[in-house]
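FYI, in the numbering used here the residues of the sequence shown are 15 to 315.
Note that CB positions come from ideal geometry on N, CA and C, so glycine has one too.
Source: prediction; values computed, not measured.
Taking it in order: structure first as structure tokens, then the write-up.
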Amino acid sequence: MKHIFIFNPAAGQGRALTTIQDALLRHGQCELYETRCPRDATAYIQKRIAAEPNERLCFVACGGDGTINEVASGVAGHENACFTVYPCGSGNDFVKAFGGRDRFMDIDALIAAEPAPIDILRVDDHWCINVFSFGFDTSVLKTMNAVKRKPLMGGKRAYYVGILHALMKSMKTGCTVTVDGEPFFAGDILLCTFANAQYVGGSFKCAPRAKMDDGLIEVCLVKPISRLSFVKLIGTYTEGTHLEDPRMKDIVRYTRARKLTVTSAKGLLPVSLDGEVIERKSFTVEIVPGCVNFALPKAKE
């Protein structure tokens, strides 16, 4: 099997590139491709698969969740291709579902891993391998993207600027959600996630029951609460105990589904799709079972 390391220079660190280059010297069937712009990884992978239809190809996403999304999007639907992850970016939500980034840092183990099919979400004309979300957390992310390069507010401060802005402006988002063709919710929400994996936003275990090979989307909708209640209850959402916590009984609506739609009550709805913010009036989200081959390295003993 050929392994092609897809390296995102914007997300990766210098020492990560050195480690990858060292691995290329040890393994003959390995190559390196550095991405040049957003969506470049997906386009390159699709062209590569088309050019080598009889080869078994494994693409290693070297970066964060955005790079993983681009690589998974390129591999989706191709039986002769798979992907795995060398998590050297800033956002590593996807790998947390498998125990965290340490499991993926041994490149020899990555190369030895055998692929198996997992599910992926189709969001209109996009793919989503991790979590589709909207409401409070997407507002945080949107603000972070807007200020991250500005003096005083940028860098590490951008996250706190995003939280403060969301607490002031985004405690309610009006929408209508349908689940497998049936009405599920209409009104204001604090936040909502349609999840294939378990984690979102860097540390929040939004879908603790999620499995990536069960053909189901985990739906977790949180109704609006006061800012004081938000501070008191955010720990349960971080830990992934919100589905059992009695304090969340009347706040959280949870179900599983195969196909969902969400429509904004007013104007465009910003959503986060594996960490990328996109805006439309409505979205259709469906699970595509076993559509992506994923090579999971063995856990360290």
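Item                                                                                                                                                                              : Value
Assign residue 139 to one of three DSSP states: helix, strand, or coil.                                                                                                           : coil
Considering only the beta carbon of each residue, do residue 15 and residue 35 sit closer than 8 angstroms?                                                                       : no
Check whether the Cβ atoms of residue 155 and residue 286 lie closer than 8 angstroms to each other.                                                                              : yes
Taking just the CA atoms, how far does residue 307 sit from residue 93?                                                                                                           : 7 angstroms
So residue 46 and residue 21 are in contact, right, with Cβ under 8 angstroms, and what is the actual spacing, rounded?                                                           : 6 angstroms
Going by the beta-carbon positions, is the gap between residue 216 and residue 139 smaller than 8 angstroms?                                                                      : no
Return the chain-ordered list of same chain residues with a C-beta closer than 7 angstroms to the C-beta of residue 55, the five sequence neighbours on each side being excluded. : 20, 49, 81, 84, 85, 88
Does DSSP classify residue 293 as helix, strand or coil?                                                                                                                          : strand
For residue 174, name the three-state secondary structure that DSSP assigns.                                                                                                      : helix
Can the beta-carbon of residue 142 be found closer than 8 angstroms to that of residue 288?                                                                                       : yes
Going by C-alpha distance, which of 135, 173, 162, 196 is nearest residue 225?                                                                                                    : 135
Name the DSSP bridge partner or partners of residue 134?                                                                                                                          : 302
On the three-state DSSP scale, how would you describe residue 307?                                                                                                                : strand
Where does residue 36 fall in DSSP's three states?                                                                                                                                : helix
Return yes when the Cβ of residue 230 is within less than 8 angstroms of the Cβ of residue 267, no when it is not.                                                                : no
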